[in-house]
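Data first, discussion second: the structure below is written as structure tokens.
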Amino acid sequence: MPPLSALLHPRRLLAPLALLALSTAAWGQDYAFPTSAEDYPEFYPTAYKDNGGTTDWNCGDITYTGHGGTDLGVGSWAGMDAGRDVTAGADGVVVATHDGEFDRCTTADCPGGGGYGNYVQLLHPDGKSTYYGHLRQWTVAVAVGDAVSCGQKLGEVGSSGHSTGPHLHFEVRNSAGRSEDPFDGPCSAPPTYWVSQGDYAALPGLACEGAPACAPSADLTCGASITTRSDGAGSTSAHAAYGCTTWAYTGAEQVYRVATDRDEPLTLRLSGLSADLDLYVLDRPDCDGSGCLGASDGPDSSDEAVTIEARAGAAYTVVIDGFEGAASDFVLTVDCAGGWPAGLDGGDGSDSTDGTDGTSDGSGDGASDGATDGAADGSGDGSGEGAADGGGEAGSPAADTAGGDGALGARKQPGVGCGPGAPLTGIGALIGIFAAARRRRR
Ligand SMILES: [Zn+2]
Numbered sequence: 005m006p007p008l009s010a011l012l013h014p015r016r017l018l019a020p021l022a023l024l025a026l027s028t029a030a031w032g033q034d035y036a037f038p039t040s041a042e043d044y045p046e047f048y049p050t051a052y053k054d055n056g057g058t059t060d061w062n063c064g065d066i067t068y069t070g071h072g073g074t075d076l077g078v079g080s081w082a083g084m085d086a087g088r089d090v091t092a093g094a095d096g097v098v099v100a101t102h103d104g105e106f107d108r109c110t111t112a113d114c115p116g117g118g119g120y121g122n123y124v125q126l127l128h129p130d131g132k133s134t135y136y137g138h139l140r141q142w143t144v145a146v147a148v149g150d151a152v153s154c155g156q157k158l159g160e161v162g163s164s165g166h167s168t169g170p171h172l173h174f175e176v177r178n179s180a181g182r183s184e185d186p187f188d189g190p191c192s193a194p195p196t197y198w199v200s201q202g203d204y205a206a207l208p209g210l211a212c213e214g215a216p217a218c219a220p221s222a223d224l225t226c227g228a229s230i231t232t233r234s235d236g237a238g239s240t241s242a243h244a245a246y247g248c249t250t251w252a253y254t255g256a257e258q259v260y261r262v263a264t265d266r267d268e269p270l271t272l273r274l275s276g277l278s279a280d281l282d283l284y285v286l287d288r289p290d291c292d293g294s295g296c297l298g299a300s301d302g303p304d305s306s307d308e309a310v311t312i313e314a315r316a317g318a319a320y321t322v323v324i325d326g327f328e329g330a331a332s333d334f335v336l337t338v339d340c341a342g343g344w345p346a347g348l349d350g351g352d353g354s355d356s357t358d359g360t361d362g363t364s365d366g367s368g369d370g371a372s373d374g375a376t377d378g379a380a381d382g383s384g385d386g387s388g389e390g391a392a393d394g395g396g397e398a399g400s401p402a403a404d405t406a407g408g409d410g411a412l413g414a415r416k417q418p419g420v421g422c423g424p425g426a427p428l429t430g431i432g433a434l435i436g437i438f439a440a441a442r443r444r445r446r
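Here the sequence shown stands for residues 5 to 446, numbered as in this note's numbering.
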């Protein structure tokens, strides 16, 4: 086995350089997803900025005509009533606020705030502004002139102003007041304004600019078995949300980097637990809620397992984390099924590529099903089903929640969006969405 440094995907090596360039260039600040770690799993995109012709940044149609911001749903009125945090995407100064408006607007034309209803505008050092619109009544927590830090609470999600249902309208404007798309894609102008943009129809990462990525305590590969403790040597307690599920973890986590030199199924197994630790596999090192490939979140001290279709040379981030007070010894093993070294078998390679989605869907679905049903070992079933059928199981609430085929398809809520006449919005079809079953524990 070659040293891991030789196995790293080129993208991994380039990332630090790109960040360095961004921090010193005139491109300015990048944004964290504007909510708390606790509420992050509740959000999902419902409409992106319209880049012309009702086309979003990825050349899809998740937008409506003239929409100037990004709409982020939280699960209908129940989600709003639970209190979903809106936080500053980056450091800045409060330059405008408005509060006191009715916050259960469904007509898209409730008055106040110039269409934003209750809102906060931040000015950032690079001259750009961010707007946080349609907030819940009397939740605006900052005042004009306040200096705020990335992640600081500004208010809560509501449905005030030109809104049809509870959502956050997050909008970036340049120093000339023109709306810009924070997402970088084939139908928008680069660069991305997110610290970690994440995938289409998923969420940008939660980490603020300059926040530390996960710190792996060891590099592992096929056949590895490591015995340690979740709060032992090498552990951190810096990360809370990893995607794939709705949990937010406040306990200590252990992080490993795993790679193989072949395209093959790779199974991570977690055993020997005396507390409720869960297992996540990510395709990137950020640990900011983006890039989740699979999760196993069985109850109590049940064993956990996640299978992914590993790509030769790619590095994966494996996280073992627990809730407040959950700490335990554990054994983590890395099982590789065996496969062809990259480039030796083209057919197998394309199969592996196709299989990646299916397996990662399956891992997440299976794990969640297992947890929901109380099955002792949902993870093994999940992996198998996922690989075989791509993680279908439509109709299972758990499958909907953890399904990997897009937040939009899985998490729907009726009538959420900015309405006609909202700031920089026009008349257009709203994205219909309905709430998926949801569960949560702390
Ligand atoms: Zn909007």
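Every residue gets a Cβ at the ideal spot worked out from N, C-alpha and C, and that includes glycine.
None of the values given here were measured: they were computed from a predicted structure.
Exercise for review: Note down, in chain order, each residue of its chain lying with its Cβ closer than 6 Å to the Cβ of Pro220, except the 5 sequence neighbours on either side.
Suggested key: Here residue 220 refers to the residue found at position 216 of the sequence shown. The answer, listed in chain order, is Val259, Tyr260 and Arg261.
Check your understanding: Span of the beta strand (DSSP E) holding Ala309?
Key -> In the sequence shown, residue 309 corresponds to position 305, counting from 1. Where Ala309 is concerned, the enclosing beta strand (DSSP E) starts and stops at Glu308 to Ala314.
Point to revise | Best match in Val176, Ser179 and Leu126 for proximity to Leu158 [C-alpha to C-alpha] | key: The sequence position of residue 158 within the sequence shown is 154, counting from 1. Checked all of Val176, Ser179 and Leu126; the closest Cα to Leu158 is Leu126.
Check your understanding: Ordered along the chain, which non-local residues of its own chain (more than five positions away) have a Cβ less than 7 Å from that of Gly351?
Key -> Numbered from its first residue, the sequence shown carries residue 351 at position 347. The pLDDT assigned to Gly351 is 40, lower than 50, so where the model puts this residue is not dependable, and the model offers no usable value.
Review point. Is the beta carbon of Ala51 within less than 7 Å of some heavy atom of ligand 1?
Key: Here residue 51 is taken as the residue at index 47 of the sequence shown, counted from 1. Result yes, Cβ under 7 Å from ligand 1.
Practice item. Determine the direct distance from the alpha carbon of Cys63 to that of Gly72, and round the result to whole angstroms. Key: Within the sequence shown, residue 72 is the residue found at index 68, counting from 1. Within the sequence shown, residue 63 is the residue found at index 59, counting from 1. Going by the C-alpha atoms only, they are around 16 Å apart.
Review point. If you count every other CB in all the chains shown that lies within 10 Å of the CB of Leu412, and 16 or more means buried, which is it?
Key: The residue given as residue 412 occupies position 408 in the sequence shown. Below a pLDDT of 50, predicted positions are generally treated as unreliable, and Leu412, at 35, falls in that range; the measurement from the model is reported next regardless. Buried.
Review point. Taking a cut-off of 5 Å, which residues have a beta-carbon closer than that to any heavy atom of ligand 2, in chain order?
Key: Ligands in the displayed structure: ligand 1; ligand 2 is not one of them.
Review point. If you draw a straight line from the alpha carbon of Glu160 to that of Tyr52, how long is it in whole angstroms?
Key: Mapped onto the sequence shown, residue 160 falls at position 156. Mapped onto the sequence shown, residue 52 falls at position 48. Straight-line Cα distance between these residues: approximately 20 Å.
Exercise for review: Consult DSSP for Ala222 and reduce its assignment to one of helix, strand or coil.
Suggested key: For the purposes of this step, residue 222 is taken as the residue at position 218 of the sequence shown. Looking at Ala222 - three-state DSSP - the assignment turns out to be strand.
Practice item. Figure out for me which residue from Tyr253, Ala330, Ile66 and Glu175 has the closest Cα to the Cα of Gly293. Key: Within the sequence shown, the letter at position 289 stands for residue 293. Comparing C-alpha distances from Gly293 to each of Tyr253, Ala330, Ile66 and Glu175 shows the shortest one belongs to Tyr253.
Review point. Which residues bound the alpha helix (DSSP H) around Ser80?
Key: Taking the first residue of the sequence shown as position 1, residue 80 is located at position 76. Counting along the chain, the alpha helix (DSSP H) containing Ser80 begins and ends at Ser80 to Ala86.
**Study point:** Distance, Pro186 Cα to Trp61 Cα
**Key:** Counted from its first residue, the sequence shown places residue 61 at position 57. Counted from its first residue, the sequence shown places residue 186 at position 182. The alpha-carbon atoms of Trp61 and Pro186 are separated by roughly 9 Å.
Check your understanding: If you compare alpha carbons, which of Ala145, Gly214, Ala82 and Thr91 is closest to Gly104?
Key -> On the sequence shown, position 100 is the one that residue 104 refers to. Gly104 has its Cα closest to that of Ala145, out of Ala145, Gly214, Ala82 and Thr91.
Exercise for review: For Val323, count neighbouring Cβ atoms within 10 angstroms of its own Cβ and tell me buried if that reaches 16, exposed if not.
Suggested key: Within the sequence shown, the letter at position 319 stands for residue 323. With 16 or more other Cβ atoms inside 10 Å of its own Cβ, Val323 counts as buried.
Point to revise | Proximity to Asp265 [Cα-Cα], best of Leu224, Ser275, Gly298 and Gly276 | key: Here residue 265 corresponds to residue number 261 of the sequence shown, with the count starting at 1. The residue with the shortest Cα to Cα distance from Asp265 is Leu224.
Review point. Of all the options Ala205, Ser300 and Thr59, which has the alpha carbon lying nearest to the alpha carbon of Gly326?
Key: Position 322 of the sequence shown, counted from the first residue, corresponds to residue 326. Residue Ser300 is the option with its Cα nearest to Gly326.
Check your understanding: How would you call Val98, buried or exposed, if buried means at least 16 neighbouring beta carbons within 10 angstroms?
Key -> Taking the sequence shown and counting its residues from 1, the one referred to as residue 98 is at position 94. Within 10 angstroms of the beta-carbon of Val98 lie 16 or more other beta-carbons, which makes it buried.
**Study point:** Beta-ladder partner(s) of Trp198, from DSSP
**Key:** Numbered from 1 along the sequence shown, position 194 holds the residue referred to as residue 198. In the DSSP output, where bridge partners are listed per residue, Trp198 has Tyr35.
**Study point:** Contiguous beta strand (DSSP E) assignments of at least 3 residues, all confined to the stretch 234-260
**Key:** Residue ranges of uninterrupted beta strand (DSSP E) with 3 or more members are absent from the stretch 234-260; none lies entirely inside it.
Practice item. Look at the alpha carbon of Gly276 and the alpha carbon of Val335, and state the distance between them as a whole number of angstroms. Key: Translated into the one-based positions of the sequence shown, residue 276 becomes position 272. Translated into the one-based positions of the sequence shown, residue 335 becomes position 331. C-alpha separation (whole angstroms): 6 Å.
**Study point:** Per DSSP, the bridge partner or partners of Gln125
**Key:** For the purposes of this step, residue 125 is taken as the residue at position 121 of the sequence shown. The secondary-structure analysis by DSSP pairs Gln125 across a beta bridge with Ala100 and Tyr135.
Check your understanding: Across which residues does DSSP place Ala51 in a beta bridge pair?
Key -> Locating residue 51 in the sequence shown gives position 47, where the first residue counts as 1. As a beta-bridge residue in DSSP terms, Ala51 pairs with Asp75.
**Study point:** Same chain, Cβ closer than 6 Å to Glu42, five either side skipped, listed in chain order
**Key:** Taking the first residue of the sequence shown as 1, we reach residue 42 at position 38. Taken in chain order, the residues that qualify are Ala252.
Check your understanding: Thinking C-beta only, is Glu257 closer than 8 Å to Gly240?
Key -> Your numbering for residue 240 matches position 236 in the sequence shown. Your numbering for residue 257 matches position 253 in the sequence shown. The question names Gly, but residue 240 in the sequence shown is Thr. Contact: yes.
Check your understanding: So what does DSSP say about Glu42, is it helix, strand or coil?
Key -> Along the sequence shown, one-based indexing puts residue 42 at 38. Looking at Glu42 - three-state DSSP - the assignment turns out to be coil, as it is neither helix nor strand.
Review point. So does the stretch 168-178 actually touch the stretch 77-88, counting three or more Cβ pairs closer than 8 Å?
Key: Taking a cut-off of 8 Å for Cβ pairs, the stretch 168-178 and the stretch 77-88 touch, as three or more such pairs fall below it.
**Study point:** Pairwise C-alpha distance: Glu268 and Ser153
**Key:** Your numbering for residue 153 matches position 149 in the sequence shown. Your numbering for residue 268 matches position 264 in the sequence shown. So the alpha carbons of these two residues sit roughly 43 Å apart.
Exercise for review: With a threshold of 16 other CB atoms inside 10 Å of the CB of Asp89, please say whether the residue is buried or exposed.
Suggested key: Residue numbering aside, residue 89 sits at position 85 when the sequence shown is read from its first letter. By the neighbour-count criterion, in which 16 or more other beta carbons inside 10 Å mark a residue as buried, Asp89 falls on the buried side.
**Study point:** 8 Å Cβ cutoff met for Asp107 and Gly162
**Key:** Translated into positions along the sequence shown, residue 107 becomes position 103. Translated into positions along the sequence shown, residue 162 becomes position 158. Judged by their CB atoms, Asp107 and Gly162 are nearer to each other than the 8 Å cut-off.
Check your understanding: Which class does Gly159 belong to by DSSP, given the choice of helix, strand or coil?
Key -> Here residue 159 refers to the residue found at position 155 when the sequence shown is read from its first residue. The answer is strand: DSSP assigns Gly159 an E or B state.
Practice item. Give me whichever residues DSSP pairs with Cys422 in a beta bridge. Key: Position 418 of the sequence shown, counted from the start, is the residue given in the question as residue 422. Under DSSP, Cys422 shares a beta bridge with Ser167.
Point to revise | Rounded separation between Ala263 and Pro216 - CA only | key: As a first step, residue 263 must be located in the sequence shown, where it is residue number 259. As a first step, residue 216 must be located in the sequence shown, where it is residue number 212. C-alpha separation (whole angstroms): 21 Å.
Check your understanding: So the beta strand (DSSP E) Val285 belongs to, where does it begin and stop?
Key -> Counted from its first residue, the sequence shown places residue 285 at position 281. Counting along the chain, the beta strand (DSSP E) containing Val285 begins and ends at Leu281 to Leu286.
Check your understanding: Among residues of its own chain, excluding the 5 on either side of Ala316, which ones have a beta-carbon nearer than 6 Å to its beta-carbon?
Key -> Looking up residue 316 in the sequence shown gives position 312. Answer for Ala316: Asp265, Arg266, Asp267 and Ala346, listed in chain order.
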